[in-house]
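Chemist:
Protein chains: 4
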Amino acid sequence: MSDLRVAVLGVGVMGADHVARLTTRISGARVSVVNDYVTEKAEQIAAAIPGCRAVVDPLDAIADPDVDAVVLATPGPTHEKQLLACLEHGKPVLCEKPLTTDVETALGVVKREAELGRRLIQVGFMRRFDHEYAQLKALLDGGELGRALVLHCAHRNPAVPPTFDSAMVVRDSLVHEVDVTRFLFDEEITSIQIIKPAANPGAPQGLADPQIAIMRTASGRHVDVELFVTTGVAYEVRTEVVAEKGSAMIGLDVGLIRKRGDGTWGGQITPGFRERFGQAYDTEFQRWVDAVAAGAGSGDHTDGPTAWDGYAAAAVCEAGVESLNSGLPVDVTMVDRASIPGA
Amino acid sequence: MSDLRVAVLGVGVMGADHVARLTTRISGARVSVVNDYVTEKAEQIAAAIPGCRAVVDPLDAIADPDVDAVVLATPGPTHEKQLLACLEHGKPVLCEKPLTTDVETALGVVKREAELGRRLIQVGFMRRFDHEYAQLKALLDGGELGRALVLHCAHRNPAVPPTFDSAMVVRDSLVHEVDVTRFLFDEEITSIQIIKPAANPGAPQGLADPQIAIMRTASGRHVDVELFVTTGVAYEVRTEVVAEKGSAMIGLDVGLIRKRGDGTWGGQITPGFRERFGQAYDTEFQRWVDAVAAGAGSGDHTDGPTAWDGYAAAAVCEAGVESLNSGLPVDVTMVDRASIPGA
Amino acid sequence: MSDLRVAVLGVGVMGADHVARLTTRISGARVSVVNDYVTEKAEQIAAAIPGCRAVVDPLDAIADPDVDAVVLATPGPTHEKQLLACLEHGKPVLCEKPLTTDVETALGVVKREAELGRRLIQVGFMRRFDHEYAQLKALLDGGELGRALVLHCAHRNPAVPPTFDSAMVVRDSLVHEVDVTRFLFDEEITSIQIIKPAANPGAPQGLADPQIAIMRTASGRHVDVELFVTTGVAYEVRTEVVAEKGSAMIGLDVGLIRKRGDGTWGGQITPGFRERFGQAYDTEFQRWVDAVAAGAGSGDHTDGPTAWDGYAAAAVCEAGVESLNSGLPVDVTMVDRASIPGA
Amino acid sequence: MSDLRVAVLGVGVMGADHVARLTTRISGARVSVVNDYVTEKAEQIAAAIPGCRAVVDPLDAIADPDVDAVVLATPGPTHEKQLLACLEHGKPVLCEKPLTTDVETALGVVKREAELGRRLIQVGFMRRFDHEYAQLKALLDGGELGRALVLHCAHRNPAVPPTFDSAMVVRDSLVHEVDVTRFLFDEEITSIQIIKPAANPGAPQGLADPQIAIMRTASGRHVDVELFVTTGVAYEVRTEVVAEKGSAMIGLDVGLIRKRGDGTWGGQITPGFRERFGQAYDTEFQRWVDAVAAGAGSGDHTDGPTAWDGYAAAAVCEAGVESLNSGLPVDVTMVDRASIPGA
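Residue numbers (the UniProt record's numbering), protein chains in the order written: chain A, 1 to 343; chain B, 1 to 343; chain C, 1 to 343; chain D, 1 to 343.
(1) Runs of 3 residues minimum, wholly inside the segment 128-192 of chain B: which ones carry the beta strand (DSSP E) assignment?
(2) State buried or exposed for B/Q205, treating a residue as buried only when at least 16 other CB atoms are found within 10 Å of its CB.
(3) When Cβ atoms are compared, which residues of the segment 203-229 of chain C fall closer than 8 Å to chain A?
(4) Can you name the start and end residues of the alpha helix (DSSP H) that B/Q286 belongs to?
(5) Measuring only the C-alpha atoms, how far is D/G263 from C/A234?
(6) By DSSP's criteria, B/E96 is part of a beta bridge. Which residues make up the other side?
(7) Under 7 Å, CB to CB, which of the residues in the segment 267-284 of chain B have a partner in chain A?
(8) Could you list the residues in the segment 152-175 of chain A with a C-beta less than 9 Å from some C-beta on chain C, going in chain order?
(9) Do you know offhand how far C/Q268's Cα is from D/R25's?
(10) Where does A/D309 sit, in a helix, a strand or coil, going by DSSP?
(11) Please report the Cβ distance between A/R128 and C/P197, rounded to the nearest whole angstrom; I am assuming they are in contact, meaning their Cβ atoms lie under 8 Å.
(12) Do B/T283 and B/Q122 have their C-beta atoms closer together than 7 Å?
(13) Which chain D residues are close to C/T239, counting only those with a beta carbon under 7 Å from its beta carbon?
(14) Quick check on the DSSP output: the beta strand (DSSP E) that includes B/V241 runs from which residue to which?
(15) So is D/G263 in contact with chain C if we call contact Cβ pairs under 7 Å?
(16) Hey, D/V332 and D/S323: beta-carbon distance below 7 Å or not?
(17) Suppose contacts are defined by Cβ-Cβ distances below 7 Å. Is D/V70 in contact with D/K91 by that definition?
(18) Taking 7 Å as the CB-CB limit, is A/T24 close to chain D?
(19) Taking the CB atoms as reference points, tell me whether B/L139 and D/N200 lie closer together than 7 Å.
(20) Compare the C-alpha of D/A293 against each of D/G12, D/D17, D/R30 and name the closest.
(21) Below 7 Å on C-beta distance, what does B/P201 contact in chain D?
(22) Inspect the CB distances between the segment 170-182 of chain A and the segment 303-315 of chain A and report whether three or more fall short of 8 Å.
(23) Identify the continuous alpha helix (DSSP H) that holds C/V70 and give its terminal residues.
(24) Can you find a C-beta in chain C that's less than 7 Å from the C-beta of B/K259?
(25) Consider the Cβ of C/A248: report whether some Cβ of chain F lies at a distance smaller than 7 Å.
(26) With DSSP collapsed to three states, give me the class of C/S27.
(27) Any Cβ of chain B within less than 7 Å of the Cβ of D/V233?
(28) Between which two residues does the beta strand (DSSP E) holding D/A248 run?
(29) Does the segment 273-287 of chain C touch the segment 270-281 of chain D, meaning 3 or more C-beta pairs lie closer than 8 Å?
(30) Is DSSP giving B/I340 helix, strand or coil here?
(31) Buried or exposed, going by whether 16 or more other CB atoms sit within 10 Å of the CB of D/R156?
(32) Measuring only between beta-carbons, confirm whether B/S27 sits less than 7 Å from chain C.
(33) Any idea what DSSP makes of B/L84, helix, strand or coil?
(34) Consider the Cβ of C/V150: report whether some Cβ of chain A lies at a distance smaller than 7 Å.
(35) Along chain A, in chain order, which residues have C-beta atoms closer than 8 Å to that of C/P197?
(36) Which of the three DSSP states, helix, strand or coil, is assigned to C/A218?
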């Protein structure tokens, strides 16, 4: 009944959110170690939490005997080494996307975990824990709508940092719809095309925005995604499944407060990902903490997307970036999952 | 196959609308005579319509051999005399509410028409022709929701003229919900109470606004109406029926354009009664014109609310004004309809 | 002030609707002649309308001195000859889509009308008269949302006749979104691709359904259209414009009656095109009748899409059918409008 | 940093929910003691939670040195004695409504706590923690809508237990809207009238259902509440504030999944209070646990409605039951808050 001791690596915006989450909202866990390449930030955060220390080296943090499990919110390029260290020490890890920054190393991580015969890696595709996506999945699995045929998505951000480039629209934004597609349809994506319409006059010079992604799944289902990251408006994530016997849409933003004034009706649009997916992150973490605690027996310390899901997303995004450059449809290259026993 | 020749009496805002309606949107009718106590206005309108004359005296207009039917958009105090003239000349008449300005004269008109044995008078409660109300009525009559139990209404205007007083909120605004209640529930209203909450700071001095009307029908159903005529916002007419097996609401203003900008979603609220009920007026007039043409045989020249409906509305509003003054519930006094054969 | 005398050619489902419309709901017009290749049907309809005759030959009907203007609801293959006859007799004509069945003959009609120097042909793209589309157009033209960037459309039918084939999805269904795109964006479509996802198990053997159309306009705007004609559900036409400063959606079907029963909320989905676009057809016809009457002076007898709009739609659909067969994007081939003075 | 040790008294449906909440979802607390008059149930629940014991006597549970704070989910008649015991032992307590079962004893509890000079009692009006109500409150407090004038509420349950009687509609259902009114308007309710329309044919014999409550606040604002506890449909809680410069509505159930099938659009209605207010309970408990932990210094161990709020609700409901019986408006009798220093 003692709390799970968690090391949080990387305490930028997202990591600091996770520290707060584990400290004040999640039952059965506490943050025992924090780490960041900006040492002062880690120390500042550690100081505010009883029983928490800052550790300078991320690999030391993973190995620390005061750590039962690890949350990775570090930059993508450091993930491979840190994930392998978690595997070596047998420590369950919740890894923010991406799994790693390229398909080869992602596959290496998948294989290493499979060899060990224990499931230790969960990837942070939090939308699977959002109650709207969860209900949509349940609706599809319940069979009431028949076979799903088409998926329409819109993914809109009010703004992005100046460093955001066209490939990041694919790797950082589209990656969520890639996972949503695989989650809802339970099959792999086999091809992808990125269309670049005339750009938003308000987008930074050189940024292809909006982009339209066209994907096809193994059984021939169609997916389209509008990616638009400089809307200036709000955070809008909308998903519609069109199926044999009906369709369903989530994310319409029509529910909450309907106020009227100055001749219009309407309400506030969700301003950012925290407001839209805060509940999803909380649920993701609570269920991960519970699964890690429960995993001692079964060897499965996850309750959500696995390393394979991280690898598959990387493979689709790699093909997406190739299409972004060429303008042509690109087939997704992936190994056969059955060729890696345990993956 | 020649067009019905209509005299429009009173060409203020509403009457001029009706002239335009009959001239440009209604099939099978034309305006042959117009009349107004402001003679120049009538002449100006007549001049713009081929085959139309201005007639100075309203009773002459009714009697004119070039007139097949009459539309009354004159002030309420003139209605009694004009309606009786229409009856004497056997001319079908569409009378804007009120039927007359008091219960006694309204009852006199009902009795006179009943004696003649022909149905010539239709009262302009246009909401019955609005497609939302019509669908709600059909839903209730279809039986899917079981017995209707409660009716909630909101009736909001952005503003009213300076001459609008507290009793006019009852007589000119609430009268529509009185007719809606009788239309939807097919029974009479037996008591009414007007509640005066603390007034809107923005309402003119002395105007009780908002007002809340509480009504009870013959079988014990409850109706409440929020009347708020200085909202500064828009024209909002909302009606919800709560029934044994479900409920239904119309008038929510959520349909049309959903635009997003500046962090909100929403749409335009209906600005006025023309936008909200323009379709209802058109349908009312087309069906009235058709009914008048068809009535030569049957003796029934109406297709909508009758003189009795006008009398009943007057009786409820009279009790409402009494309650407005006393603050207490007031029973509605009406004669027994069966006592007037033909009413 | 005498009514416009209209000949309606073709009195199938659509043509009979137009006869009823002109006879009972449109002001200032009447049907003087009807024609159909099923002679009995034309005679039956004519018999029910005072002052109306059936004429056996469509070209005789056009030439008839008792006919001021013509409505074409005949099969597409007969349009070319009938339109040219209308032009020769100087009779204004409202032609249901398609203008003609191929691009070459459509262009011929455009050129012939241009040579005559009078605008006599209006094409029946009725969505431009739907109040939702009209408001969306006004919103875009008003500038509040900035530059429009992307258009998402869904066009769903509950079912289609057994003769409906994959190319008709493009020619008969997509053609409306082709016109909507040109109407909203005020520019030509330059390329089109039709994607064929795995088919709906409930669609007839051989029918590619759903289909996804991807179009690009002259200035590089992106349009996608989901076409799904065997949904088994209802008639759903939804359009969303994504613009620089916000987005707007029409067709969501959330407005009217919100009933609750058996644990769900919701309302009736529009069952067919009559319920969805009945108002649009009425408005289209009233405005056309008014324009024909007014055109005597100016030589322009139209108030809506012209022969050029019919030609442009044909050119895009022809490229669409080519893409349907090849699976590849196809550039749209059109003559330069400036090369045809008066077009 | 050690967890708050909580005793949960009463482990029926609600209490068992709270045990699960504290054990699996709330950070910083654990259930150390459970109690129920059905001893076996308490023992069964205790057995499933590490470090938790069943204690037979509720007063022993309160006094237990292994208990830092208390949750009361026991029947109302036991509250007075248990609350006074909590006060004597200085233990913070979260008391499910009602505070006590009559106004006199409720006032006694208020006075006793005030004498002690520490705020230990929080009452479980969880709607204040619901994010929709919280946003509505923030909207009103922000001033954007001007002065609030009218409150319309609907409170609908699909069904109630056979023991539910007409007075319980007031005491157990309306009590929530009483607190919502006081929360949103920040003032006391001064009069109440319960209207009994003709009853739902499907309601149990003798149960007045629906009921309409009409309330007036100190400054003259109007509140109406439709209470309907045998709808057979779902759990619907809707609240609309009408204010000087606009209105706002929550609880419309239009957001989540919009599916279409069989010709209707819509979604699932919230089936019960757990689905509607689960988030509110979680937030209430997390904030209460945090406030208890933080209260050591300030002496205020609450973060939500206080004993006074429980007393005020009792006073309004007592007047409501009197009106239910008499059919007349009843003034609410309350002591002056200023007469009890510290209340």
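Even glycine gets a Cβ: it sits at the ideal position worked out from N, Cα and C.
None of these values were measured; they are calculated from a predicted model.
Modeler: Concretely, from the data shown:
(1) 148-156
(2) Numbered from its first residue, the second sequence carries residue 205 of chain B at position 205. Looking at its Cβ environment, which holds fewer than 16 other Cβ atoms inside 10 Å, B/Q205 is exposed.
(3) P210, I212, I214, R216, S219, G220, R221, H222, D224, E226, F228
(4) Along the second sequence, one-based indexing puts residue 286 of chain B at 286. In the DSSP assignment, B/Q286 falls within the alpha helix (DSSP H) that extends over 273-298.
(5) Looking up residue 263 of chain D in the fourth sequence gives position 263. Looking up residue 234 of chain C in the third sequence gives position 234. Near 5 Å, if we compare the C-alpha coordinates of C/A234 and D/G263.
(6) As a first step, residue 96 of chain B is located in the second sequence; it is residue number 96 there, counting from the start. Paired residues: none, contrary to the question.
(7) Of all residues in the segment 267-284 of chain B, G267, Q268, I269, P271 have a Cβ within less than 7 Å of some Cβ in chain A.
(8) H152, A154, R156
(9) Within the third sequence, numbered from 1, the residue matching residue 268 of chain C stands at position 268. Within the fourth sequence, numbered from 1, the residue matching residue 25 of chain D stands at position 25. One C-alpha to the other measures close to 40 Å.
(10) Indexing the first sequence from 1 puts residue 309 of chain A at position 309. Helix, per DSSP.
(11) Residue mapping note: residue 128 of chain A aligns to position 128 of the first sequence, counting from 1. Residue mapping note: residue 197 of chain C aligns to position 197 of the third sequence, counting from 1. With a Cβ gap of about 24 Å, A/R128 and C/P197 do not count as contacting.
(12) Here the question's residue 283 of chain B lines up with position 283 in the second sequence. Here the question's residue 122 of chain B lines up with position 122 in the second sequence. Not closer than 7 Å, so no.
(13) Counting from one through the third sequence, the residue named residue 239 of chain C turns up at place 239. Simply none; closest approach about 16 Å.
(14) Here residue 241 of chain B is taken as the residue at index 241 of the second sequence, counted from 1. Annotation for B/V241: the continuous beta strand (DSSP E) segment containing it runs 236-243.
(15) Locating residue 263 of chain D in the fourth sequence gives position 263, where the first residue counts as 1. For D/G263, the answer is yes, since a Cβ of chain C falls inside 7 Å of its Cβ.
(16) For the purposes of this step, residue 332 of chain D is taken as residue 332 along the fourth sequence, with counting starting at 1. For the purposes of this step, residue 323 of chain D is taken as residue 323 along the fourth sequence, with counting starting at 1. No, the pair does not count as a contact, with Cβ atoms beyond the cut-off.
(17) The sequence position of residue 70 of chain D within the fourth sequence is 70, counting from 1. The sequence position of residue 91 of chain D within the fourth sequence is 91, counting from 1. Closer than 7 Å, so yes.
(18) Along the first sequence, one-based indexing puts residue 24 of chain A at 24. With 7 Å as the cut-off, A/T24 counts as an interface residue toward chain D.
(19) Residue numbering aside, residue 139 of chain B sits at position 139 when the second sequence is read from its first letter. Residue numbering aside, residue 200 of chain D sits at position 200 when the fourth sequence is read from its first letter. Not a contact, by the Cβ cut-off of 7 Å.
(20) Residue 293 of chain D sits at position 293 when you count from the first residue of the fourth sequence. Among D/G12, D/D17, D/R30, the Cα nearest to that of D/A293 belongs to D/R30.
(21) In the second sequence, counting from the first residue as 1, residue 201 of chain B sits at position 201. Within 7 Å Cβ-Cβ: R147, E244.
(22) yes
(23) Looking up residue 70 of chain C in the third sequence gives position 70. Counting along the chain, C/V70 falls outside any alpha helix (DSSP H), though it belongs to the beta strand (DSSP E) covering 69-72.
(24) Start at 1 with the first residue of the second sequence, and residue 259 of chain B comes out as number 259. Yes, because at least one Cβ of chain C sits closer than 7 Å to the Cβ of B/K259.
(25) Absent here is chain F; the protein component of the structure consists of chains A, B, C and D.
(26) Along the third sequence, read from residue 1 onward, the residue named residue 27 of chain C stands at position 27. Here C/S27 sits in coil by DSSP.
(27) For the purposes of this step, residue 233 of chain D is identified with residue 233 of the fourth sequence, where counting begins at 1. At least one chain B Cβ lies under 7 Å of D/V233.
(28) For the purposes of this step, residue 248 of chain D is taken as the residue at position 248 of the fourth sequence. It spans 246-250 - the beta strand (DSSP E) in which D/A248 sits, taken as one unbroken run.
(29) no
(30) Indexing the second sequence from 1 puts residue 340 of chain B at position 340. Coil, per DSSP.
(31) Along the fourth sequence, one-based indexing puts residue 156 of chain D at 156. Buried, because 16 or more other Cβ atoms sit within 10 Å of the Cβ of D/R156.
(32) In the second sequence, counting from the first residue as 1, residue 27 of chain B sits at position 27. B/S27 counts as touching chain C.
(33) Position 84 of the second sequence holds residue 84 of chain B. Note: B/L84 maps to helix in three-state DSSP.
(34) The residue labelled residue 150 of chain C in the question sits at position 150 within the third sequence. Closer than 7 Å: yes.
(35) As a first step, residue 197 of chain C is located in the third sequence; it is residue number 197 there, counting from the start. Chain A residues near C/P197: L149, V150, R216, G220, R221, H222.
(36) Here residue 218 of chain C refers to the residue found at position 218 of the third sequence. C/A218: coil per DSSP, three-state reduction.
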